[in-house]
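Undergrad: So the mapping is simple: this note's numbering equals the position in the sequence shown, first residue as 1, plus 54.
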Amino acid sequence: MSADPARVAAARQLLSHLGVTLAGLQAEPGPRLPTLTEYLPRVVAAAGSGARRTHGTYWNRMAAVWGERALDAIAASDIEAMQRQIAATARSRRNSRSGPRFGVVLAPHKVSPQRPRPLGSVCGWLSA
């Protein structure tokens with residue numbers, strides 16, 4: 055299927071009007087998403103003391119495992135695998151929360167109808 059010549063001409067005219075070249079559009083990468091190590095301090099700063107107490111251990115584990123990965127490189131399956139690993143090695147205590155909502159702290163995307171999504175989309179950095 056070939057492009058309509060009139061539409062191609064209109065697109066070229068619009069690019070010219072904007073001062074943009076096709077080569078410039080192809081050569082320049084979009085903005086880089088932060089790594090988890092770069093983004094996590096913002097999350098911690100925005101969280102209240104209760105959230106830091108509840109989630110801090112998990113944030114530390116995530117930073118240790120995925121710290122240098124960009125937010126869009128952390129898939130929901132990675133988070134679920136970490137959740138399963140933590141659940142498998144957790145100590146069973148009297149006040150243990152191993153019920154149906156166990157792990158929601160680590161994997162909130164599991165209760166979302168839009169799962170699975172990369173971590174970047176959960177954090178609002180990606181649109182999908």
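For each residue, glycine too, the CB sits at the ideal point set by N, CA and C.
What is the residue span of the alpha helix (DSSP H) that A144 lies within?
TA: The residue given as residue 144 occupies position 90 in the sequence shown. Unbroken run through A144: none, as it is neither H nor E.
Undergrad: Please list the terminal residues of the continuous alpha helix (DSSP H) segment that includes T89.
TA: Numbered from 1 along the sequence shown, position 35 holds the residue referred to as residue 89. Here T89 belongs to no alpha helix (DSSP H), and DSSP marks it neither H nor E.
Undergrad: Residue range of the alpha helix (DSSP H) that V62 falls in?
TA: Walking along the sequence shown from the start, residue 62 turns up at place 8. 59-72 is the span of the alpha helix (DSSP H), which, as asked, contains V62.
Undergrad: Going by the DSSP bridge assignment, what does A105 pair with across the sheet?
TA: Mapped onto the sequence shown, residue 105 falls at position 51. The partner list for A105 (beta bridge, DSSP) is empty, contrary to what the question assumes.
Undergrad: By DSSP's criteria, A81 is part of a beta bridge. Which residues make up the other side?
TA: By 1-based counting over the sequence shown, the position of residue 81 is 27. Note: A81 is not bridge-paired with any residue in the DSSP secondary-structure output.
Undergrad: If I'm right that L90 touches I140 with Cβ under 8 Å, what's the distance once you round it to whole angstroms?
TA: Here residue 90 is taken as the residue at index 36 of the sequence shown, counted from 1. Here residue 140 is taken as the residue at index 86 of the sequence shown, counted from 1. No, L90 and I140 are not in contact; Cβ-Cβ is about 17 Å, not under 8 Å.
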